[in-house]
């Protein structure tokens, strides 16, 4: 009764409405307001769509979506004879402080007064796609070539796998950098971006290394250094010291490991169990008793305090190793070895070039 007109904001993005449904959303609510306030003019005080920012439910902020939204809305507004004000003419980076990142990207023009999208020409979602595709391909080819330097024994499937990883990683990296640079940057965000790129490079290097290792383990045509079984007489086999570091391990599990070691088909070996810093005697004492039951070949040491974690335990074991031992074999406390483990492995160390 006391106003001449009703003003409303129609911002479907904030309501999480999908861009494809945004115009119908506006028409629906405009009709609702006209029915609620008959005889009053309903004006759209703000209407628009952002070109960048976080996705809000089904609403995706992008230059293409902003362009499509405005084209469709302007056509519908002319058809329905709406009075409206597009938000807004120019991007306003200062609004990031109050509205979040998306607040800076509601303009039809950017901060340099340049149109953010074509007004009449066909809309291309990523106008720079040719350049991005070229950069991705160049990086991928260089990366793939680097992966193949040491991959002469890989089968075709392994090479195809590495090619897929290289092209996927390069495409993802280029896309991340591209999307990050589409926002308005200041010295702080530039520094953050540089740090993120450094971190991303580290992640990609690890990914490529793991992929190369996996490919060589799965699709190798032949081993570079095949370990041909060597059969030696018992008196020629070297003495082996098997060392088992443990900390707070379930005694039942560790006892099962020791039982497997006791079944080894090997004439000359010892087993050192080094329990470091386990506080509860109920955990380490049953293991000690079991070692005594298995005979003099098994020796148990409970050391506390002992610095250095597993490395400290292994350094302690070196001091207790039998002088005649020629080979050290280290296993975790949850390993179950087969009886032929040492008989298969120990003869390989007769080669002067083999140390580990």
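Residue numbers (the working numbering): 375 to 730.
Idealized CB from N, CA, C, for every residue including glycine.
Asked                                                                                                                                                                       : Found
If we ignore side chains and look at the alpha-carbon of each, how far apart do residue 602 and residue 726 end up?                                                         : 15 Å
Starting from residue 382 and walking both ways along the beta strand (DSSP E), at which residues does that stretch end?                                                    : 379–384
Mind checking which residues open and close the beta strand (DSSP E) that includes residue 644?                                                                             : 643–650
Can you tell which of 456, 465, 405 and 409 has the C-alpha that lies nearest to the C-alpha of residue 423?                                                                : 465
Would you call the stretch 489–503 in contact with the stretch 512–519, where contact means no fewer than 3 C-beta pairs closer than 8 Å?                                   : no
Let's see if you can read the secondary structure: which residues bound the beta strand (DSSP E) around residue 666?                                                        : It is not in any beta strand (DSSP E) - residue 666 instead sits in the alpha helix (DSSP H) that spans 655–668.
Spatial neighbours of residue 428 within its chain, please: C-beta separation below 8 Å, excluding the five flanking residues on both sides.                                : 435, 474, 475 and 476
Closest by CA to residue 642, which one among 590, 608 and 545?                                                                                                             : 608
For the candidate residues 620, 458 and 677, whose alpha-carbon lies nearest to that of residue 444?                                                                        : 458
My output table needs one value for residue 615: the three-state DSSP class, helix, strand or coil.                                                                         : strand
Just to confirm my understanding: we take residue 484, look at its own chain, exclude 5 residues before and 5 after, and list those with CB closer than 6 Å. What are they? : 465 and 490
Let me check understanding here. Comparing Cα to Cα, which of 637, 644 and 529 lies closest to residue 670?                                                                 : 644
Determine the DSSP secondary structure at residue 720, reduced to helix, strand or coil.                                                                                    : helix
Where DSSP assigns a beta bridge to residue 489, which residues make up the other side?                                                                                     : 483
Ends of the beta strand (DSSP E) at residue 416?                                                                                                                            : 415–421
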